[in-house]
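S.K.:
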Amino acid sequence: MELQDGAVRQDYTARELGGHERETWWARAVDAYPGYADSQAATSRRIPVMLLEPLS
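Using our numbering, you'd call the opening residue of the sequence shown number 552 and step up by one each time.
Spelled out as structure tokens, the structure:
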């Protein structure tokens, strides 16, 4: 997958997080945007957390 951030384009691989790693990144996401917690509370499904890792 390719992602562009401003003028920088780079290829990444994406993976879904689970367990402790998911919980750590979910907490970071909610700290950055508290509305994510409201979204999670509004559904019975678990919202997936994806991590993009650069291909080097």
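Backbone N, C-alpha and C define an ideal beta-carbon position, used for all residues, glycine too.
Output the distance between the C-alpha atoms of I598 and P585, rounded to the nearest integer angstrom.
M.R.: Approximately 14 Å, taken between the alpha carbons.
S.K.: Hey, would you say E567 sits closer than 7 Å to M601, going by beta carbons?
M.R.: In contact: E567 and M601 (Cβ atoms closer than 7 Å).
S.K.: Beta carbon of D556, beta carbon of L606: below 7 Å?
M.R.: Contact: no.
S.K.: Pull up the distance between the alpha-carbon of V581 and that of A588, whole angstroms please.
M.R.: Roughly 6 Å separates the two Cα atoms.
S.K.: Under a three-way DSSP split, which group does V581 fall into?
M.R.: If DSSP states are grouped into helix, strand and coil, V581 belongs with the helices.
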